[in-house]
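Numbering (my numbering), first residue to last: 58 to 153. Note that beta-carbon positions come from the ideal geometry of N, C-alpha and C, so glycine has one too. No experiment lies behind these values; they were computed from the predicted model shown.
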């Protein structure tokens with residue numbers, strides 16, 4: 058589901074994530090995600106970083122781990138920092 062600049066990514070029926078930061082790093086799009094509850098009205102304290110790739114018009118995401126995670130998280134966190142430190146801002150976004 059897309060809402061303005063903000064996006065909820067659904068990996069399966071019960072696995073919803075809110076994109077709080079995105080950056081293209083070395084030609085790859087990386088996203089910093091926070092888990093959203095099923096009704097999309099609250100956040101769960103769980104985060105992950107994914108790398109997007111495209112097959113035609115379809116976008117797929119793979120979770121980033123290890124050294125790659127260490128490298129890109131330091132680039133993504135400054136953009137996501139205001140939401141991490143002020144979760145009430147995320148709540149406002151969901152409620153709008």
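An exposed status is given to residue 139, since fewer than 16 other beta-carbon atoms sit within 10 Å of its beta-carbon. The beta carbon of residue 120 is closer than 6 Å to those of 105, 107 in its chain, skipping five residues each way along the sequence. When rounded, the separation of the alpha-carbon atoms in residue 72 and residue 84 is 27 Å. The continuous beta strand (DSSP E) containing residue 112 extends over residues 100 to 112.
For the pair residue 88 and residue 97, the CB atoms are not nearer than the 7 Å cut-off. Boundaries of the beta strand (DSSP E) harbouring residue 88: 85 to 93, taken from the DSSP string.
Take the alpha-carbon of residue 112 and the one of residue 118: they are about 11 Å apart.
With respect to the 7 Å criterion, residue 64 and residue 81 are not classified as neighbours on the basis of their beta carbons.
Fully enclosed alpha helix (DSSP H) runs of no fewer than 4 residues occupy 123 to 142 of the stretch 112 to 145, in order along the chain.
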